[in-house]
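Shown next, in structure tokens, is the structure this report addresses.
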Amino acid sequence: MKRMMFSAVACLALTCAVLSAADKVEKKDAKKPETPAATQPAQPINKFCAVDRDNPVDSTVPTVTYKGKVIGFCCEDCVPEFKKNPEKYMKDLK
Ligand SMILES: [Zn+2]
């Protein structure tokens, strides 16, 4: 009886080790396709700030989606400025 108990425990431990190893491999594989989508922010349609048109868009400044278009800005101060009058700034984005 004692022997049976031992083998049952050993078997369980082995199964557990195999399962956790399989789990690790699975997670590593599943992570690969997700990475580009998660780290790549939406690309703004404009290269220059919608408000300060002399300044290029800074990719660290959060973008604003207006009428389905992603708008980029050179600085965070331009975001509220754009929101005040989006049509004015949408007219000649570049
Ligand atoms: Zn700006």
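If you're matching positions, the sequence shown starts at 105 in my numbering and goes up one per residue. Glycine included, each C-beta is placed from N, C-alpha and C at the ideal position. Note that the structure is predicted; figures quoted are calculated from it, not measured.
Nearest-angstrom Cα separation, counted from Tyr193 out to Ala154: Each residue's alpha carbon lies about 6 Å from the other.
Residue range of the alpha helix (DSSP H) that includes Asp174: A small fix is needed here, since residue 174 is Val in this sequence, not Asp. It is not in any alpha helix (DSSP H) - Val174 instead sits in the beta strand (DSSP E) that spans 173–175.
Rounded Cβ spacing between Lys198 and Lys151 (contact assumed at less than 8 Å): 6 Å between Cβ atoms; contact.
Gly176 burial status per 10 Å Cβ neighbour count (16 or more: buried): Per the 10 Å Cβ criterion, buried.
Val168 Cβ short of 7 Å to ligand 1 heavy atom set: Not one heavy atom of ligand 1 falls within 7 Å of the beta-carbon of Val168.
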